[in-house]
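Student: Numbering follows the numbering used here, with no gaps: position 273 of the sequence shown is 273.
Even glycine gets a Cβ: it sits at the ideal position worked out from N, Cα and C.
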Amino acid sequence: MGTPGTSTRRPREIGSFIGGTWRDDAPGGRLTSVDPARGEPVAEALLADAGLFAEACRTAQAAQRAWAAVPAPVRGRMIEQIGRLVEANKEALAALVTREIGKPVTESRGEVQEVIDTCAFFAGEGRRLYGQTVPSEMPDKQLFTFRVPVGVAAIVTAGNFPVAVPSWYLVPALLCGNAVVWKPAEYTPAIAEAFTELFVHAGLPAGVLGTVLADGPTAFDGLSTALAAGLVDKIGFTGSSAVGMRIGELAGRHLQSPCLELGGKNPLVVMPDADLDLAVEGALFSGFGTAGQRCTSLGTVIVDASVHDEFLRRFDTAVRSAVIGDPTREDVLYGPMISQRFLASFEKHLGLIGPHHVLHGSTGTGRITAANPRRGFAGDAEAGLYAHPTIVSGVRGDDEIARTETFGPIVGVAAFETFDEAIALANDHGYGLSAAIYTETPAHAFRFRERVSAGMVSVNNSTSGAEAHLPFGGNGRSGNGSRQSGIWVLDQFTRWQSMNWDYAGRLQKAQTDTAVL
Ligand code: UN1
């Protein structure tokens, strides 16, 4: 018998999905996912080992050829059907995202909507997937280009966007005629199962999509084995820059170029002519929304010295009055950290606060508990993994806190005197994902766009909130220049093949038989 108030019910077990069936073995051990707002178990992941990962890749490879032979418009119809199913289950899927990772339900709905939008975009792409006809330098000869699927795509995603970011890979990869092995975050087994089921119910042939629950090091070993055996043709990875670098090295040894979407230290510049209330709203959302657990979360606000104190005063007021707590409420700015690991990592980053910094935004730092309370808190502080919001002012360019991704509800504020200083603060951390500027002057906005090293630039909008049909990705430590979403991701999941067709009836040699006028 359990102690009073403790549930003895075992959570549901979820294994990997390989070749059209759910496995019930756990060669890599077990892991319980926990509702981070309530501390209750959600599901138990039956983890795979490296061998099972490689087996999933082999199964995918065997299924890929037949899938590639399905006409692209028909594959597009399948994507359309996946989108329809996701839409019909939007509320349930959003509720599950909220339950397993603590994302506020309004944002979970937005995340599911992003999946629907991605499906809508790529369903139509099935009828385009254009190649080209290209003129030849020789007479009686025609050149063509075709997009060819790469083969098997191994996709490894993080748990902070457990359905939207996977959809950015899975949907275009499948549309292009690839088979996919997806390794979701091992601490989101219930979401991974539900998401996989939606793809399967749309009618995807067995083996074309495999889902492997494994921890990071095991997946890395599995990937290594599968690459050596020629079972993987493209890796897609969203996660930390440190792991991304290791994946890049591994892929490079097999002459592969992975699609890497990594960390960020995203700046938001406030010019003297900015609408300060709008800038505060943007900083609040991108700094503290989802508890700062996005790769596009705001890192440092870089404020013109003439408006610095006023901006800080308003930002502090906004953060203090924001509702933090139970993610099932419609009004919370943010809920708990995704898991104990995310909370612990965030708390470690609080050590980056130095003696010259000043804290704002809250009455405490670290975890919100009864002993370390926060005014206006709306949740079960003892059971949930809630963290105080923290604003740190007095940040300088060479501070660790200005250069390190913190992945939690902490935002730095730095002052600048000249535009060059603002650009240096915005760039010198080495990441290059997303950057925002608040200004009423078009010239400032365009100069910023030109000089900031970021894959995505916002003017008078926050650093987060990408749209499903714009290129997504970063430079420097944020990635390897690959881009996701929209038509640009097609270059990740297809390779260009050219064909030349000579109807001259004699051998024409390029460069030699070229007519010179
Ligand atoms: C991520 O955090 O990995 O731009 C992606 C955004 C989201 C995607 C973030 N739609 O905020």
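Based on Cα-Cα distance, which residue from D25, A426 and S458 lies nearest to T439?
Tutor: Residue S458 is the option with its Cα nearest to T439.
Student: One question on the structure: do A383 and A291 come within less than 8 Å of each other, judged by their Cβ atoms?
Tutor: No, the pair does not count as a contact, with Cβ atoms beyond the cut-off.
Student: Less than 8 Å between the beta carbons of F199 and I324, yes or no?
Tutor: In this structure, I324 does not lie closer than 8 Å to F199 by Cβ.
Student: Is T238 close to the ligand UN1? I mean its beta-carbon at under 7 Å from any heavy atom of the ligand.
Tutor: Flag set: Cβ of T238 near the ligand UN1.
Student: Measure the C-alpha to C-alpha separation of A283 and V307 and round it to an integer number of angstroms.
Tutor: Going from the Cα of A283 to the Cα of V307 covers about 15 Å.
Student: The alpha helix (DSSP H) that contains W168, what's its start and end?
Tutor: Residues A164 to L175.
Student: What ranges does the alpha helix (DSSP H) occupy inside the region 424-459, keeping only unbroken runs of at least 4 residues that lie completely in it?
Tutor: Counting only runs of 4 or more, we get 442-451.
Student: Mark Y431 as exposed unless 16 or more other C-beta atoms lie within 10 angstroms of its C-beta, in which case mark it buried.
Tutor: Per the 10 Å Cβ criterion, buried.
Student: With C-beta atoms as the reference, is S434 less than 8 Å away from T390?
Tutor: No.
Student: Determine the closest residue to M271 out of P172, R246 and I302, with distance taken between C-alpha atoms.
Tutor: Closest option to M271, Cα to Cα, is I302.
Student: Per the DSSP calculation, T300 is bridged to which residue(s)?
Tutor: DSSP output for T300 lists P267 and G412 as bridge partner(s).
Student: By how many angstroms is the C-alpha of R341 removed from the C-alpha of P409?
Tutor: Roughly 15 Å between the two C-alpha positions.
Student: What is the rounded straight-line gap between the Cα of D491 and the Cα of Q113?
Tutor: Straight-line Cα distance between these residues: approximately 24 Å.
Student: From this set, F17, H349 and L260, which residue's C-alpha is nearest G455's C-alpha?
Tutor: Per the Cα distances, L260.
Student: Distance check for L255 and V208, CA to CA, integer angstroms please.
Tutor: So the alpha carbons of these two residues sit roughly 24 Å apart.
Student: Tell me which residues share the same chain as T211 and place their Cβ nearer than 7 Å to its Cβ, disregarding the 5 neighbours each side in the sequence.
Tutor: Same-chain partners within the cutoff: S16, F17, W182, P184, A192 and T196.
Student: Let me confirm a value: M138 is counted as buried when at least 16 other C-beta atoms fall within 10 Å, else exposed. Which label applies?
Tutor: Under this definition M138 is a buried residue.
Student: From which residue to which residue does the alpha helix (DSSP H) around E197 run?
Tutor: Segment P189 to H201, the alpha helix (DSSP H) holding E197.
Student: Suppose you measure from the CA of R329 to the CA of S485; what does that come to, to the nearest Å?
Tutor: Using only the alpha carbons, I get a separation of about 30 Å.
Student: Leaving out the 5 sequence neighbours to the left and right, which residues in its chain are closer than 6 Å to P267 when beta-carbon positions are compared?
Tutor: These residues qualify, in order along the chain: T300, I302, A426 and A435.
Student: What residue range is occupied by the uninterrupted alpha helix (DSSP H) comprising H349?
Tutor: Segment Q340 to H349, the alpha helix (DSSP H) holding H349.
Student: Run through DSSP, which three-state label would R147 get?
Tutor: Residue state, collapsed to three classes: strand.
Student: Quick test of your reading: V358 and R314, contact by CB under 8 Å. State the CB separation rounded to the nearest angstrom.
Tutor: That pair is no contact at about 16 Å.
Student: Could you say which of T157, G376, A153 and Y334 lies nearest to V531 if we only look at CA atoms?
Tutor: The question about residue 531 has no answer here: the residues shown for the chain are numbered 1 through 517.
Student: Is the number of C-beta pairs between the region 225-232 and the region 412-427 that are closer than 8 Å three or more?
Tutor: Flag = no, the region 225-232 and the region 412-427 do not touch.
Student: Just confirm the distance between the C-beta atoms of V319 and G361, as a whole number of angstroms; I'd bet it's less than 8 Å.
Tutor: That pair is a contact at about 4 Å.
Student: Would you tell me roughly how many angstroms separate the C-alpha atoms of A48 and L276, rounded to the nearest one?
Tutor: Each residue's alpha carbon lies about 50 Å from the other.
Student: Whose C-beta lies closer than 6 Å to the C-beta of G474 among residues of the same chain, with five residues either side of it excluded?
Tutor: Around G474: G432, L433 and G455.
Student: Looking only at C-alpha atoms, which of D316, L213, P189 and E249 sits nearest to L93?
Tutor: Closest by alpha carbon: P189.
Student: Is the beta carbon of T218 closer than 8 Å to that of G28?
Tutor: Yes.
Student: Assuming L250 and R477 make a contact with CB atoms under 8 Å, what is their CB distance in whole Å?
Tutor: About 18 Å separates the two Cβ atoms, so there is no contact after all.
Student: Strictly by DSSP, which residues pair up with K234?
Tutor: In the DSSP output, where bridge partners are listed per residue, K234 has A153.
Student: Is it buried or exposed, M78, if we count other Cβ atoms within 10 angstroms and call 16 or more buried?
Tutor: So M78 ends up on the buried side.
Student: When every heavy atom of the ligand UN1 is checked, does at least one fall within less than 7 Å of the C-beta of C295?
Tutor: Yes, the ligand UN1 has a heavy atom inside 7 Å of this Cβ.
Student: Using a threshold of 7 Å, is the CB atom of G465 nearer than that to any non-hydrogen atom of the ligand UN1?
Tutor: Yes.
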